[in-house]
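If you read the sequence shown in the UniProt record's numbering, its first letter stands for residue 3, the second for the next number, and so on. A virtual CB, placed ideally from N, CA and C, is assigned to each residue, including glycine. From a predicted model like this one, the values you see are computed outputs, not experimental measurements. Below is one structure, written out as structure tokens, with a few remarks after it.
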Amino acid sequence: KKASIGVTGLAVMGRNLARNLARHGHTVALHNRSEQRTRELVEQFGDEGDFIPTYSAQEFVDALDRPRQIVIMVKAGAPTDAVIEEFAPLLEPGDVIVDAGNAHFADTRRREAALRERGLHFVGTGVSGGEEGALHGPSIMPGGSKESYESLGPLFEDISAKVDGAPCCTHIGPDGAGHFVKMVHNGIEYADMQLIAESFDLLRGALGYEPAQIAEVFRTWNTGRLDSYLIEITAEVLAHTDAATGKPFVDIVTDQAEQKGTGRWTVQIGLDLGVPISGIAEAVFARSLSGSAGLRAASRGLPGPTRVPIADATGFADDVERALYASKIVAYAQGFNQIQAGGAEYGWDIDLGAVAKIWRGGCIIRAKFLDDVTAAFSAEPGLPTLLTSGDFRKAVEDAQDAWRSVVATAVKLGIPTPGFSTALAYYDALRAERLPAALVQGQRDYFGAHTYRRVDREGSFHTAWATPERAEHPA
Ligand code: NDP
């Protein structure tokens, strides 16, 4: 019997994906650069399903049914190219190579184009949910050709997370669309985590709550509209006590957040596409700032305000919940705008409602909230921003006073809330009748003759700023 799919790269992600496939009754061919991982998988988990261990590229390819479907789950970057080059020559037209690692979508576009020339389908696929997700049901975001999804889709939908019976997997769009959407998913994840971290800092800094108390607050929030994986694990982390010292775990961890790079990619591409994703950008910068040890050490003695505790603690905690929810809506609105922009730039025609739907389960940003996001985009696929959609519009309306008062309190007490602040500034800028961008245009025309457009007439104009008359000319 041949395998319906093969996995090469059997570190934690590949191994768990292979086991997930086997547990769902699929015969899985196994391969890894070093044989040890393959042997270990079969020794430890061989009884979970039908595995065909192989120890050479040729043996791996020969173990597969046609069209052959190979999932590559290796270190992103050069290793992925090396593995593609190892297998592509052994495959035949119509076969499918899946890259399920965290590739940059531009690499995926390049690889897809090159393999298409050779008659092979290349499917860059986002997989979210970490190692637990890979084993028990991740959120899967495959790009590539429609045709490749005909054979691959049923397998991936089978092993993906399910929410209300619906699989957390859908064909995102051609070539790099899947990895692009996974990238934005991670960018949103950064923003969401930063907002939650700021909420913690506010409850601690303004109210003097202990981590365990804040864990309780998060647990309560998790029973409402903020119900999500990230809030749930935040409560767990905050409630955890360090065994060695008896201190709250969060107090013994170095306060320098690291990053692997997908958040940074999201911001870089956001800049290239000209999409304002300030919430994601601030979250990436906040991690960079936290890691700037020298800069922070040098700045530690700078003056700040005296911290006066807040009188109405419960009221303030409720306000933080509202501010968090409103800021979260902004972060997601920005992320979905980036997907819209990427889709328009690369001709992907991405269904935003379908994306929100497959993020409801399996992935790190899974949340009840995504039900409403799904509904919003399903009702109006071309929605310009989530902020104007029914329930979300109402939520930000209800949050107005709380949102502003929380940001004002943070500023007054000197608690850094870049996420909350930028979300509110974005919101106010979007709804503004007029922006000071008009003045910026005037400045640009003054020093660089960059021209401007008028509100009352068509065309571009330049004012001769250097002459006393300052006459205006059509440009
Ligand atoms: P790693 O990223 O640590 O990669 C290790 C695997 O890559 C091993 O199987 C290793 O083989 C193989 N490998 C490395 N270099 C080469 C090479 N030049 N040629 C052939 N094989 C090579 O493994 P993970 O399981 O953590 O992640 C796999 C992919 O999934 C990555 O792209 C990662 O970004 C992505 N991902 C990871 C998540 C996570 O939570 N860890 C979540 C979502 C995606 P060998 O055993 O021989 O060294």
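Measure the beta-carbon distance from residue i to residue j and round it to whole angstroms, keeping in mind my assumption that it falls under 8 Å.
{"i": "Ile7", "j": "Gly207", "result": "Not a contact, Cβ separation roughly 51 Å."}
{"i": "Gly384", "j": "Ser130", "result": "Actually they are not in contact, since the Cβ atoms of Gly384 and Ser130 sit about 26 Å apart, beyond 8 Å."}
{"i": "Val322", "j": "Val408", "result": "6 Å"}
{"i": "His123", "j": "Ser141", "result": "His123 to Ser141, Cβ: 22 Å. No contact."}
{"i": "Trp350", "j": "Ala179", "result": "4 Å"}
{"i": "Met75", "j": "Val9", "result": "6 Å"}
{"i": "His51", "j": "Ala24", "result": "Before going further, note that residue 51 is Gly rather than His in the sequence given. That belief holds up - the Cβ atoms of Gly51 and Ala24 are roughly 3 Å apart, short of 8 Å."}
{"i": "Glu284", "j": "Gln196", "result": "7 Å"}
{"i": "Lys184", "j": "Gly128", "result": "2 Å"}
{"i": "Ile190", "j": "Ile367", "result": "6 Å"}
{"i": "Ile352", "j": "Gly175", "result": "5 Å"}
{"i": "Ala105", "j": "Gly126", "result": "6 Å"}
{"i": "Ala473", "j": "Ala466", "result": "5 Å"}
Using the beta-carbon count (16 or more within 10 Å), is residue i buried or exposed?
{"i": "Lys4", "result": "exposed"}
{"i": "Gly392", "result": "exposed"}
{"i": "Phe394", "result": "buried"}
{"i": "residue 519", "result": "This structure does not reach residue 519, given that the chain is present from 3 up to 477, and the question cannot be answered."}
{"i": "Gly276", "result": "exposed"}
{"i": "Leu93", "result": "buried"}
{"i": "Arg289", "result": "buried"}
{"i": "Val310", "result": "exposed"}
{"i": "Gln60", "result": "exposed"}
{"i": "Ile254", "result": "exposed"}
{"i": "Leu389", "result": "buried"}
{"i": "Gly16", "result": "buried"}
{"i": "Phe53", "result": "buried"}
{"i": "Val413", "result": "exposed"}
{"i": "Asp403", "result": "exposed"}
{"i": "Gln336", "result": "buried"}
{"i": "Arg362", "result": "buried"}
{"i": "Leu204", "result": "buried"}
{"i": "Val442", "result": "exposed"}
{"i": "Glu159", "result": "buried"}
Quick one: what does DSSP say residue i is sitting in, helix, strand or coil?
{"i": "Glu460", "result": "coil"}
{"i": "Pro91", "result": "helix"}
{"i": "Lys262", "result": "coil"}
{"i": "Thr411", "result": "helix"}
{"i": "Ser153", "result": "helix"}
{"i": "Leu437", "result": "coil"}
{"i": "Val442", "result": "helix"}
{"i": "Lys370", "result": "coil"}
{"i": "Asp67", "result": "coil"}
{"i": "Ser301", "result": "helix"}
{"i": "Tyr454", "result": "strand"}
{"i": "Val73", "result": "strand"}
{"i": "Ala20", "result": "helix"}
{"i": "Pro250", "result": "strand"}
{"i": "Thr82", "result": "helix"}
{"i": "Thr424", "result": "helix"}
{"i": "Thr465", "result": "strand"}
{"i": "Val14", "result": "helix"}
{"i": "Val277", "result": "coil"}
{"i": "Ile417", "result": "coil"}
{"i": "Ala401", "result": "helix"}
{"i": "Thr268", "result": "helix"}
{"i": "Gly27", "result": "coil"}
Check for me: the alpha helix (DSSP H) holding residue i runs from which residue to which?
{"i": "Met143", "result": "Taken as a continuous stretch (DSSP letters only), Met143 belongs to no alpha helix (DSSP H), being part of the beta strand (DSSP E) at 141-144."}
{"i": "Ile282", "result": "280-293"}
{"i": "Thr40", "result": "37-47"}
{"i": "Thr10", "result": "Note, Thr10: premise wrong, no alpha helix (DSSP H); beta strand (DSSP E) at 7-10."}
{"i": "Leu385", "result": "It is not in any alpha helix (DSSP H) - Leu385 carries neither H nor E in the DSSP assignment."}
{"i": "Arg111", "result": "107-119"}
Considering just the uninterrupted stretch of the beta strand (DSSP E) at residue i, what are its terminal residues?
{"i": "Pro213", "result": "Note, Pro213: premise wrong, no beta strand (DSSP E); alpha helix (DSSP H) at 213-223."}
{"i": "Ile99", "result": "98-101"}
{"i": "Thr127", "result": "123-130"}
{"i": "Ala31", "result": "30-33"}
{"i": "Glu474", "result": "474-476"}
{"i": "Pro470", "result": "Careful: Pro470 lies outside any beta strand (DSSP E) and carries neither H nor E."}
{"i": "Pro55", "result": "53-55"}
Say the cut is 8 Å; is the CB of residue i nearer than that to a heavy atom of ligand 3?
{"i": "Asn22", "result": "With respect to ligand 3, the structure offers nothing, as its ligand set consists of ligand 1."}
_Within the stretch 323-382, ranges of the alpha helix (DSSP H) (whole runs, at least 4 residues)_ = 354-360, 371-381
*At 4 residues or longer, and completely inside the stretch 165-244: list those alpha helix (DSSP H) runs for me, N to C.*
179-209, 213-223, 231-241
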